[in-house]
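4 protein chains.
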Amino acid sequence: MSALKRFGVSIDSDLQKKFDRLIKKKGYGNRSEAIRDLIREALVSEEWETGDRDTVGVFSLVYDHHKSDLSMVINTIQHHNLDIIRSSTHVHIDHNNCLEVIILKGKSREIKKLTDQLASTKGIKHGKLIMTSTGTEIT
Amino acid sequence: MSALKRFGVSIDSDLQKKFDRLIKKKGYGNRSEAIRDLIREALVSEEWETGDRDTVGVFSLVYDHHKSDLSMVINTIQHHNLDIIRSSTHVHIDHNNCLEVIILKGKSREIKKLTDQLASTKGIKHGKLIMTSTGTEIT
Amino acid sequence: MSALKRFGVSIDSDLQKKFDRLIKKKGYGNRSEAIRDLIREALVSEEWETGDRDTVGVFSLVYDHHKSDLSMVINTIQHHNLDIIRSSTHVHIDHNNCLEVIILKGKSREIKKLTDQLASTKGIKHGKLIMTSTGTEIT
Amino acid sequence: MSALKRFGVSIDSDLQKKFDRLIKKKGYGNRSEAIRDLIREALVSEEWETGDRDTVGVFSLVYDHHKSDLSMVINTIQHHNLDIIRSSTHVHIDHNNCLEVIILKGKSREIKKLTDQLASTKGIKHGKLIMTSTGTEIT
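Here is the structure:
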């Protein structure tokens with residue numbers, strides 16, 4: 001198990017004041033928490049660039065469920081990729097529009113490939129991917 | 140109800156070839172579908188810039204559920220914002236790490252404020268927002 | 279004049295190790311410098327969101343100088359916006375292609391408006407804006 | 418030399434109206450021009466992802482020229498990378514702050530490596546890269 005450490009950051013007092021203002025606005029309780037989040041975001045960005053590390057993605061799809069057999073197509077694509085799909089949540093936005101949110105775990109390269117395929121399916125209005133993390137690399 | 144239209148795009152043959160290659164790689168069946176997606180993405184970006192339109196967000200949180208009372212804190216924040224939260228999905232990534240995915244519908248300004256608050260909560264490793272759409276503006 | 283301060287960041291030893299690896303790869307000499315850059319980037323992003331603060335933008339345009347009177351059109355647009363344009367640099371990329379880089383200082387809203395106008399000019403192949411800073415807000 | 422082609426895009430009339438509104442706001446004269454720009458932007462993004470194609474970058478640096486020997490350090494780094502640097506422009510923003518804009522041509526991987534090195538140099542307040550194009554791939 002890993003221990004808690006502490007390191008010092010030297011900073012101009014003006015820059016510190018502006019940073020304090022920003023993190024207060026965002027809701028942070030203290031500087032350490034905000035700094036750790038900046039560090040984690042930098043690490044997650046790098047994790048996705050390499051392509052071959054195990055990571056987690058969240059993919060959202062907006063579509064009109066009246067359109068042909070779209071629900072079935074999306075369902076079928078997912079069934080062919082069970083190994084990297086962990087869950088799907090469906091929300092009825094209004095009379096016509098659906099949102100489906102798919103949680104994926106796998107190599108970033110594989111996640112991108114599958115979500116490109118889903119986004120390009122005819123009838124999908126908007127497909128977008130959150131590149132997040134398994135959490136193990138950003139303790 | 141709105142009708143289907145058709146418009147022409149004049150384009151250099153080289154540029155068209157390169158575009159065809161790209162959309163094939165991404166999985167599109169034809170140019171119209173790919174063009175409509177580019178148009179929708181441009182419209183969704185603009186929708187989020189204005190701040191006061193009804194839209195849909197998908198927010199992912201990664202955290203260690205062993206950390207203090209984090210699950211309860213996240214739960215409480217959500218209960219104070221029931222009006223814009225549509226659903227929450229929880230995935231157990233490994234022994235320590237959880238992923239919670241929250242689907243939100245409301246003004247983009249309000250969605251950003253709440254998700255900033257969640258992301259800045261002590262113990263949250265990674266919080267990230269997909270800015271998507273209700274679908275009504277991108278038929 | 280503002281003084282140098284120092285604050286402590288508590289961090290898990292694993293996260294610190296991964297951060298050290300990342301910043302070494304990027305070329306940073308020490309953690310303070312890397313942390314200050316993360317802080318400045320967060321402040322610059324926020325500066326551009328508000329729209330009405332004085333800031334600095336760098337805009338790049340790629341175009342084919344053989345195309346009609348494009349050089350003249352770009353030149354004319356710039357002359358109508360002298361108050362926010364500080365300089366223009368022209369590079370001949372190859373026989374056909376030119377790069378023009380325009381440095382702008384003004385409200386972020388005005389910079390975006392002018393660079394949208396330039397990017398949408400017929401014949402411009404690629405227009406892109408760096409949102410940077412006057413430096414005064416990120417000492 | 419490549420010829421001008423024309424292809425049709427089928428689109429819902431509502432979506433077309435919204436797109437027309439957006440491109441008018443951005444300053445486009447017609448849909449073809451706007452569509453070609455969306456296509457080119459998609460191609461440029463992909464060009465930078467591969468890492469090994471010849472491309473063009475524009476890098477901006479903001480710094481305080483009073484700080485030690487920063488101007489000299491930046492100058493030296495540039496002299497060690499003459500093969501990918503095409504030009505440098507310097508703007509005096511105010512009494513303290515300078516902006517230096519460097520135009521680079523080379524493999525995207527090499528451009529990123531050098532600009533990471535410049536951005537991480539002690540005393541640089543803000544470094545940011547525009548990933549643009551030689552123009553030859555986006556006729």
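Residue numbers (our numbering), protein chains in the order written: chain A, 1 to 139; chain B, 140 to 278; chain C, 279 to 417; chain D, 418 to 556. Here a beta-carbon is modelled for each residue, glycine too, at the ideal position from N, C-alpha and C.
Query                                                                                                                 : Result
Which of helix, strand or coil DSSP assigns to Glu527 (chain D)                                                       : helix
Limits of the beta strand (DSSP E) - the one that Leu499 (chain D) falls within                                       : Looking at the DSSP string, Leu499 (chain D) is not in any beta strand (DSSP E), and its letter there is neither H nor E.
Beta-carbon gap between Phe158 (chain B) and Leu460 (chain D) smaller than 8 Å                                        : yes
Straight-line gap, Ser419 (chain D) to Gln155 (chain B) (C-alpha atoms, nearest Å)                                    : 10 Å
Neighbouring residues, chain D, relative to Asp290 (chain C) (Cβ below 9 Å)                                           : By Cβ distance, chain D contributes nothing, its closest Cβ being about 23 Å from Asp290 (chain C), past 9 Å.
Proximal residues to Asp54 (chain A) (C-beta, below 8 Å), its chain only, five neighbours per side dropped            : Lys105, Gly106, Lys107 and Thr134
Neighbourhood of Lys542 (chain D) by C-beta, 6 Å cutoff - its chain only, sequence neighbours within 5 removed        : Val479 and Tyr480
The region 386-396 of chain C contacting the region 355-372 of chain C, beta-carbon criterion three pairs below 8 Å   : yes
Ser280 (chain C) at chain A interface by Cβ criterion, 8 Å                                                            : yes
Residue closest to Val240 (chain B), alpha-carbon to alpha-carbon, out of B:Ser227, B:Leu177 and B:Gly166             : B:Ser227
Chain B residues whose Cβ lies nearer than 8 Å to that of Lys422 (chain D)                                            : Ser149, Ile150, Asp151, Ser152 and Gln155
CB contact below 8 Å: Arg36 (chain A) versus chain C                                                                  : yes
Thr189 (chain B) burial status per 10 Å Cβ neighbour count (16 or more: buried)                                       : exposed
Chain D within 8 Å of Leu182 (chain B), Cβ atoms only                                                                 : yes
Chain G residues whose Cβ lies nearer than 8 Å to that of Ser310 (chain C)                                            : As a matter of chain content, chain G is missing from the structure shown, whose protein chains are A, B, C and D.
Lys403 (chain C): contacting residues in chain D (beta-carbon distance under 8 Å)                                     : Arg457, Ser550, Gly552, Ile555 and Thr556
Presumed contact (8 Å Cβ cut-off) between Glu311 (chain C) and Ser537 (chain D), rounded CB distance                  : 7 Å
Alpha carbon of Arg179 (chain B) to alpha carbon of Leu129 (chain A), nearest angstrom                                : 15 Å
Nearest candidate by alpha-carbon position, reference Met211 (chain B), set B:Ser199, B:Lys261, B:Trp187 and B:Thr278 : B:Lys261
Rounded separation between Ile174 (chain B) and Arg448 (chain D) - CA only                                            : 11 Å
Minimum Cβ-Cβ distance from Glu466 (chain D) to chain B less than 8 Å                                                 : no
From B:Lys164, B:Phe198 and B:Cys237, residue whose alpha carbon lies closest to that of Glu463 (chain D)             : B:Lys164
9 Å Cβ cut-off: residues of chain C touching Leu22 (chain A)                                                          : Ile317, Ala320, Leu321 and Glu324
Asp342 (chain C) - containing beta strand (DSSP E), residue span                                                      : Asp332 to Asp342
Distance CB(Ser91 (chain A))-CB(Ile242 (chain B)) smaller than 8 Å                                                    : In the sequence as displayed, the identity of residue 91 (chain A) is Val instead of Ser. In contact: Val91 (chain A) and Ile242 (chain B) (Cβ atoms closer than 8 Å).
Three-way DSSP call (helix, strand, coil) for Thr115 (chain A) in this model                                          : helix
Exposure label - Gly248 (chain C); buried when at least 16 CB within 10 Å                                             : No statement about residue 248 (chain C) is possible, as the shown extent of chain C runs from 279 to 417 and does not include it.
First and last residue of the uninterrupted alpha helix (DSSP H) at Ile452 (chain D)                                  : Arg448 to Thr467
Run of the alpha helix (DSSP H) containing Ser288 (chain C), from where it starts to where it stops                   : Not the alpha helix (DSSP H): Ser288 (chain C) falls in the beta strand (DSSP E), residues Leu282 to Asp290.
Beta carbon of Thr549 (chain D) nearer than 8 Å to that of Ser338 (chain C)                                           : yes
Where Lys122 (chain A) sits in the DSSP three-state scheme                                                            : coil
Anticipated Cβ contact below 8 Å, Arg284 (chain C) with Gly8 (chain A), distance rounded                              : 5 Å
DSSP beta-bridge partners of Glu517 (chain D)                                                                         : D:Leu478 and D:His507
Closer than 7 Å at the beta carbon, the chain B residues around Asp116 (chain A)                                      : Lys165 and Gly166
Selected residue, minimal CA-CA separation from His482 (chain D), among D:His512, D:Leu499, D:Tyr445 and D:Thr556     : D:His512
Beta-carbon spacing of Val195 (chain B), Leu118 (chain A) below 8 Å                                                   : no
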